[in-house]
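K.L.:
Take this structure, written in structure tokens, and hold onto it; I'll ask about it next.
2 protein chains.
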Amino acid sequence: MNDSKPRSKSGTDSDSTSGTRSGAKTGATTGAAQGGGRSRGKRTPPASSSAAAPARRSDATRAAILDAARERFAADGYERATIRAIARDAGIDPSMVMRYYGNKEGLFAAAVSVDLKIPDLASVPRDRIGATLVAHFLTLWEENEQLTALLRVGTADAAGAERLQDVLREQLLPVVRATCPDPEQIRMRAALVVTQTLGLALTRHVLRLPPVTELTRDELVAWLGPTLQRYLTAPHSAWPEA
Amino acid sequence: MNDSKPRSKSGTDSDSTSGTRSGAKTGATTGAAQGGGRSRGKRTPPASSSAAAPARRSDATRAAILDAARERFAADGYERATIRAIARDAGIDPSMVMRYYGNKEGLFAAAVSVDLKIPDLASVPRDRIGATLVAHFLTLWEENEQLTALLRVGTADAAGAERLQDVLREQLLPVVRATCPDPEQIRMRAALVVTQTLGLALTRHVLRLPPVTELTRDELVAWLGPTLQRYLTAPHSAWPEA
DNA sequence: GTTGTTGGCCAACACCTGTTGACCAACGCT
DNA sequence: AGCGTTGGTCAACAGGTGTTGGCCAACAAC
Chain F
0 MNDSKPRSKS
10 GTDSDSTSGT
20 RSGAKTGATT
30 GAAQGGGRSR
40 GKRTPPASSS
50 AAAPARRSDA
60 TRAAILDAAR
70 ERFAADGYER
80 ATIRAIARDA
90 GIDPSMVMRY
100 YGNKEGLFAA
110 AVSVDLKIPD
120 LASVPRDRIG
130 ATLVAHFLTL
140 WEENEQLTAL
150 LRVGTADAAG
160 AERLQDVLRE
170 QLLPVVRATC
180 PDPEQIRMRA
190 ALVVTQTLGL
200 ALTRHVLRLP
210 PVTELTRDEL
220 VAWLGPTLQR
230 YLTAPHSAWP
240 EA
Chain W
0 MNDSKPRSKS
10 GTDSDSTSGT
20 RSGAKTGATT
30 GAAQGGGRSR
40 GKRTPPASSS
50 AAAPARRSDA
60 TRAAILDAAR
70 ERFAADGYER
80 ATIRAIARDA
90 GIDPSMVMRY
100 YGNKEGLFAA
110 AVSVDLKIPD
120 LASVPRDRIG
130 ATLVAHFLTL
140 WEENEQLTAL
150 LRVGTADAAG
160 AERLQDVLRE
170 QLLPVVRATC
180 PDPEQIRMRA
190 ALVVTQTLGL
200 ALTRHVLRLP
210 PVTELTRDEL
220 VAWLGPTLQR
230 YLTAPHSAWP
240 EA
């Protein structure tokens with residue numbers, strides 16, 4: 000199951016002269032973290048007065064590569080997502096991937112630059128924080144393949160796990176910090192929240208376990224919302240036994 | 000980080016004439032699912048009156064292979080756990096793995112024959128089921144490397160995901176069925192339970208996220224117990240909005 | 001002693017991987 | 001025109017992978 004079948008894009012395979020393929024779903028996060036890509040000559044366009052990118056012709060190719068990489072990483076994991084397959088999906092040569100992103104690790108780093116844009120915390124009533132978070136995460140995972148790729152690779156690769164950990168620490172921990180008053184309990188409550196949140200993402204978007212995928216969005220919000228609410232705001236007093 | 004370091008076992012590397020290496024932790028599940036292993040001659044010992052296995056000399060080797068395979072699969076995932084590395088850990092030649100288990104897939108199938116032996120359901124009071132389940136799963140994951148291997152591979156491989164799904168369906172669903180009266184809600188409640196349970200296992204044993212690994216066993220039971228309790232036994236009435 | 005089976009090692013095969021360097025077609029300058 | 005840069009292809013390399021077949025030592029049976 001590895002050959003002769005272009006996944007979903009790259010409708011025509013032979014003509015690959017000009018860019019503008021079908022994809023480019025959500026802005027593609029082009030400029031971020033290109034890191035390793037050193038081409039032959041010098042970079043630095045001859046004269047750019049403003050600091051904005053001069054909109055090269057290859058930007059479409061870069062975006063196509065990142066799109067294909069996200070899809071492959073999310074679907075197949077790090078090892079099985081070969082550079083050749085990604086390049087084939089993007090309609091270009093594998094060496095282009097190397098030239099733009101240095102190596103496979105750099106490609107992955109550029110492909111998953113996740114921004115779990117957690118919304119305004121103070122505008123929701125305090126007893127609705129759990130449900131709001133669940134609903135937000137549900138839409139986020141559904142519309143963003145990078146998260147699935149990040150989680151899937153994080154479970155297989157040590158470096159991927161570290162990157163996932165970074166994302167959670169930098170973006171999820173502030174939410175807990177803003178919600179929980181006692182600074183000594185922040186790490187504990189963040190751990191609890193992460194347990195339930197990643198469990199939902201894992202079973203629903205990575206493993207795709209049928210009983211979980213059957214649940215509707217409203218059911219999940221109704222059931223998991225109170226859980227997160229409790230993990231975030233409930234006082235921890237009732238100890239069954241010490 | 001792939002070479003020249005025998006993981007934990009196989010103390011002496013050169014002499015490998017007789018078996019009886021150090022390992023063989025927990026019975027090793029030898030007879031189960033050997034499937035593909037066809038050796039050169041015919042199997043079938045010349046005369047075995049009783050149906051019990053005649054205790055071959057190679058059983059120690061088989062157990063060592065399975066032990067090493069479990070460890071490698073749990074630590075490195077399916078792709079990175081190479082047969083050569085597993086064989087090196089077990090102190091034998093890679094071709095032995097092939098002869099005994101046919102191919103890598105057969106080895107994995109034999110290595111993860113999981114039995115999440117869920118305890119007596121009726122003996123615990125009904126309002127303690129959640130806490131009991133959490134405590135049981137915690138000990139199970141800690142003492143059993145196969146579960147980590149199964150979950151890690153399940154996230155990377157489609158076949159692994161299916162096997163994990165089988166295990167959950169056959170062994171976790173009966174618990175929910177025995178706990179929940181309404182048969183129409185069984186799948187939903189099983190999904191909820193699986194969400195929280197696998198989330199704990201993922202973050203604690205696969206990703207090893209520091210805030211989660213810092214939590215003590217008692218804290219986890221105290222916090223996640225009520226969650227499972229609610230997922231299993233609470234009536235689902237309070238709908239925020241339809 | 002001879003013979004057959006078992007347990008094991010060794011060397012290779014075919015394939016796939018990431019990665020590299022050489023080469024080439026446009027296009028923008030001056 | 002001439003030239004440099006950009007975007008891209010092609011063919012290969014070195015290394016690792018699963019997998020296979022041939023050979024060998026020990027032991028059991030006749």
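The listed protein sequences derive, respectively, from chains F and W.
Start counting the first sequence at 0; every next residue gets the next number (numbering that gives the first Met the number 0).
Start counting the second sequence at 0; every next residue gets the next number (numbering that gives the first Met the number 0).
Ideal placement from N, C-alpha and C gives every residue a C-beta, glycine not left out.
A quick note: this is a predicted structure, and the numbers were derived from the prediction, not measured.
#1: Mind pulling the chain F residues with CB within less than 8 Å of GLU183(W)?
#2: Taking the alpha carbon of ASN59(W) as the point to measure from, which residue in ILE185(W), VAL96(W) and ARG188(W) has its own alpha carbon closest?
#3: Using the rule of at least 16 other Cβ atoms within 10 Å of the residue's Cβ for burial, across every protein chain shown, is THR194(F) buried or exposed?
#4: Counting Cβ pairs, one atom from each stretch, are 3 or more of them under 8 Å apart for the region 150-159 of chain F and the region 215-223 of chain F?
#5: I think ARG186(F) touches GLU213(W), with their Cβ atoms under 8 Å apart; what is that distance to the nearest whole Å?
#6: Taking ILE185(W) as part of the alpha helix (DSSP H), name the residues at either end of that continuous run.
#7: By DSSP, does PRO180(F) sit in helix, in strand, or in coil?
#8: Round the Cβ separation of ALA189(F) and VAL166(F) to the nearest angstrom and send it over; I've been treating them as touching at under 8 Å.
#9: Give the interface partners of ALA190(F) over in chain W, defined as CB-CB distance under 8 Å, in chain order.
#10: On a CA-only basis, which of ARG71(W), LEU191(W) and ARG83(W) is nearest THR215(F)? Give me that one, please.
#11: Check this for me: beta carbons of LEU115(W) and LEU150(W), under 8 Å apart or not?
#12: Would GLN170(W) and ILE117(W) qualify as a contact pair, given that the criterion is a beta-carbon distance under 8 Å?
#13: Compute the Euclidean distance between the alpha carbons of GLY76(W) and GLU70(W), then round it to the nearest angstrom.
#14: Quick one: is THR196(F) buried, meaning 16 or more other Cβ sit within 10 Å of its Cβ, or exposed?
#15: Between the region 146-171 of chain F and chain W, which residues of the former have a C-beta closer than 9 Å to a C-beta of the latter?
#16: Kindly indicate which three-state DSSP category LEU150(F) falls into: helix, strand or coil?
#17: Find the nearest neighbour of LYS103(F) within the set ILE128(F), ASP119(F), HIS135(F) and ILE64(F), judged by alpha-carbon distance.
#18: Any Cβ of chain F within less than 8 Å of the Cβ of THR60(W)?
#19: Count the other C-beta atoms from every protein chain shown that fall within 10 angstroms of the C-beta of ARG87(F), then say buried if there are 16 or more, exposed otherwise.
#20: Just to make sure I have the definition right: I need the residues of chain W whose C-beta is within less than 7 Å of the C-beta of GLY105(F). Which are they?
#21: Below 6 Å CB to CB, which residues in the same chain sit around ILE85(F) once its five sequence neighbours on both sides are set aside?
#22: At which residues does the alpha helix (DSSP H) containing GLY159(W) begin and terminate?
#23: Whole-angstrom Cβ separation of LEU146(W) and VAL123(W), contact assumed at under 8 Å?
#24: Using a beta-carbon distance below 8 Å, is VAL193(F) in contact with chain W?
#25: Answer yes or no: does any C-beta atom of chain F fall closer than 8 Å to that of THR226(W)?
#26: How many angstroms separate the CA atom of CYS179(F) from the CA atom of LEU199(F)?
#27: Using a beta-carbon distance below 8 Å, is GLY198(F) in contact with chain W?
#28: Taking only runs of the beta strand (DSSP E) that begin and end inside the region 103-147 of chain F, which ones reach a length of at least 3 residues, in chain order?
#29: Is the CB-CB distance between VAL111(W) and ALA148(W) below 8 Å?
#30: Buried or exposed for PRO210(F), please, with buried defined as at least 16 other CB atoms from any protein chain shown within 10 angstroms of its CB.
#31: Name, please, each residue of chain F whose Cβ falls closer than 8 Å to the Cβ of TYR230(W).
#32: Taking beta-carbon pairs under 9 Å, can you tell me which members of the region 66-94 of chain W lie near chain F?
P.N.:
Quick answer:
#1: Simply none; closest approach about 12 Å.
#2: Inspection of the sequence shows that residue 59(W) is occupied by Ala rather than by Asn. Selected option, being the one with the closest Cα: VAL96(W).
#3: buried
#4: no
#5: 7 Å
#6: 185-200
#7: coil
#8: Not really, about 13 Å apart at Cβ, beyond 8 Å.
#9: THR202, LEU208, PRO210, VAL211, GLU213 and LEU214
#10: LEU191(W)
#11: no
#12: yes
#13: 10 Å
#14: buried
#15: LEU150, ARG151, VAL152, GLY153, THR154, ALA155, ASP156, ALA157, ALA160, LEU163, GLN164, LEU167 and ARG168
#16: helix
#17: ILE64(F)
#18: no
#19: buried
#20: Within 7 Å Cβ-Cβ: nothing; GLY105(F) doesn't reach chain W, min ~19 Å.
#21: ALA67, ALA68 and ARG71
#22: 157-166
#23: Actually they are not in contact, since the Cβ atoms of LEU146(W) and VAL123(W) sit about 22 Å apart, beyond 8 Å.
#24: yes
#25: yes
#26: 22 Å
#27: yes
#28: none
#29: yes
#30: buried
#31: TRP222
#32: ASP75, GLY76, TYR77, GLU78 and ARG79
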